[in-house]
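**Q** Read in order, the letters of the sequence shown correspond to residues -16 to -1, 1 to 191 in mature numbering (1 follows the signal peptide of the UniProt record, and there is no 0).
From the three backbone atoms N, C-alpha and C, an ideal C-beta is built for every residue, glycine too.
Sending over a structure as structure tokens; questions will come in a sec.
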Amino acid sequence: MKLFVLIAALVAAVLALPKHALGSRDARDNPDIPNSHDQDFISTVLNAHWYWRRVHCAQDLQWNHTLAELARNDVRTCTRSMEHMRGGSNLSGSSPPPNKRQGWLKIARDFIHGWHEEESFYDYTGRKSKNDRQIFHFTQLVWRDSSQLGCAITDCSDVEGATFPARLYCYYDPIGNNVAGNFMAENVWPPVCADPSRGELEARFGF
């Protein structure tokens, strides 16, 4: 009798959990989603950063597996809306999630290129945003002092109410977006450096 009562209590406790806490991890464990050790994913992310950082006179980034693992752990928590869990992070999401591996690689690249579109809202003279528009994805993207990068991508569509379930989290070190003193001027340069050469583009992108 006591065993029956204990089992009944455990079942009741499980049923009382929020639905998202019970959600299967099927979406997040889809083998079509590149993991943070996938060389195609790493190359896609680094190359997208490389292009914009080159024209903004910033150093090349190196892949950091510790940062990538932190990003993976955080993005896979699948909060209902995306949350910055540390400084020096860029997050993006979209809906619906892709259904093929190449689609996941494409949205990772598109997210990163999309961060650069915020440049049009950045006032290089005043080192601030124009009209209070979002700029901090762009400024972290090209932050000259950042040298390490780790990113992870996942599908949070198995969580009820999750907005933009296809999510990319990228973590940088050293952390950027320090608005104190002269840090913005020192680290966010206009695109005054030369575009990559044809040879460099061919080596990275095959064209």
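Alpha carbons only, please: which of A11, I159, V29 is nearest the one belonging to K90?
**A** As a position in the sequence shown, residue 90 is number 106, starting the count at 1. When only C-alpha atoms are compared, the closest one is V29.
**Q** Below 8 Å on the Cβ atoms is my guess for D139 versus I17; work out the distance and round it to an integer in Å.
**A** Here residue 139 corresponds to residue number 155 of the sequence shown, with the count starting at 1. Here residue 17 corresponds to residue number 33 of the sequence shown, with the count starting at 1. Indeed, because the Cβ distance is near 6 Å, the residues count as touching under 8 Å.
**Q** Does the contact criterion of 3 or more C-beta pairs under 8 Å hold for the segment 131 to 151 versus the segment 54 to 65?
**A** The segment 131 to 151, when compared against the segment 54 to 65, does touch it at the 8 Å Cβ threshold.
**Q** Since S79 sits in a beta bridge, which residues does DSSP pair it with?
**A** Numbered from 1 along the sequence shown, position 95 holds the residue referred to as residue 79. Looking at the DSSP assignment, S79 forms no beta bridge with any residue, so it has no partner.
**Q** When DSSP builds the beta bridges, which residues end up paired with K112?
**A** The count along the sequence shown starts at 1 and reaches residue 112 at position 128. Note: K112 sits in a beta bridge opposite D107.
**Q** Thinking C-beta only, is C41 closer than 7 Å to W173?
**A** Within the sequence shown, numbered from 1, the residue matching residue 173 stands at position 189. Within the sequence shown, numbered from 1, the residue matching residue 41 stands at position 57. Yes, the pair counts as a contact, with Cβ atoms nearer than the cut-off.
**Q** Compare the Cα-Cα distances from A178 to each of A146, E102, W34, P15 and report the closest residue.
**A** To locate residue 178, count along the sequence shown from 1; it is residue 194. Ranking A146, E102, W34, P15 by Cα distance to A178 puts W34 first.
**Q** Given this structure, state the Cα-to-Cα distance separating V78 from S104, to the nearest angstrom.
**A** By 1-based counting over the sequence shown, the position of residue 78 is 94. By 1-based counting over the sequence shown, the position of residue 104 is 120. In the sequence as displayed, the identity of residue 78 is Ser instead of Val. Distance between the alpha carbons of S78 and S104: 22 Å.
**Q** For the alpha helix (DSSP H) that contains D24, what are its first and last residues?
**A** What you label residue 24 is simply residue 40 of the sequence shown in a count that begins at 1. Taken as a continuous stretch (DSSP letters only), the alpha helix (DSSP H) holding D24 covers 23 to 39.
**Q** Taking DSSP as the reference, what is the three-state secondary structure of G72?
**A** The sequence position of residue 72 within the sequence shown is 88, counting from 1. In the structure shown, G72 sits in coil (DSSP, three-state: anything other than H, G, I, E or B).
**Q** Please tell me whether Q132 and N19 are closer than 7 Å, where the distance is taken between their beta carbons.
**A** The count along the sequence shown starts at 1 and reaches residue 132 at position 148. The count along the sequence shown starts at 1 and reaches residue 19 at position 35. No. Outside cutoff.
**Q** Please report how far the alpha carbon of N171 lies from the alpha carbon of H97, in whole angstroms.
**A** The residue labelled residue 171 in the question sits at position 187 within the sequence shown. The residue labelled residue 97 in the question sits at position 113 within the sequence shown. Going by the C-alpha atoms only, they are around 19 Å apart.
**Q** Ends of the beta strand (DSSP E) at A136?
**A** Taking the sequence shown and counting its residues from 1, one reaches residue 136 at position 152. From DSSP, the beta strand (DSSP E) with A136 extends over 132 to 139.
**Q** Relative to the C-alpha of P175, which candidate in R70, E101, G183 has its C-alpha closest?
**A** Locating residue 175 in the sequence shown gives position 191, where the first residue counts as 1. Among R70, E101, G183, the Cα nearest to that of P175 belongs to E101.
**Q** Could you check whether H121 and N162 sit closer than 7 Å to each other, using their CB atoms as the reference points?
**A** Translated into positions along the sequence shown, residue 162 becomes position 178. Translated into positions along the sequence shown, residue 121 becomes position 137. The answer is no: Cβ separation not under 7 Å.
**Q** In this structure, how does DSSP classify Q46 when only helix, strand and coil are distinguished?
**A** Within the sequence shown, numbered from 1, the residue matching residue 46 stands at position 62. Looking at Q46 - three-state DSSP - the assignment turns out to be strand.
**Q** Secondary structure at R85, three-state DSSP: helix, strand or coil?
**A** For the purposes of this step, residue 85 is taken as residue 101 along the sequence shown, with counting starting at 1. Correct three-state label for R85: helix.
**Q** Need the endpoints of the beta strand (DSSP E) that A150 sits in, please.
**A** Looking up residue 150 in the sequence shown gives position 166. Looking at the DSSP string, the run of the beta strand (DSSP E) that includes A150 is 150 to 157.
**Q** Indicate whether S76 and L125 have their beta-carbon atoms separated by less than 7 Å.
**A** Looking up residue 76 in the sequence shown gives position 92. Looking up residue 125 in the sequence shown gives position 141. No; because the gap between Cβ atoms is not below 7 Å, this pair is not in contact.
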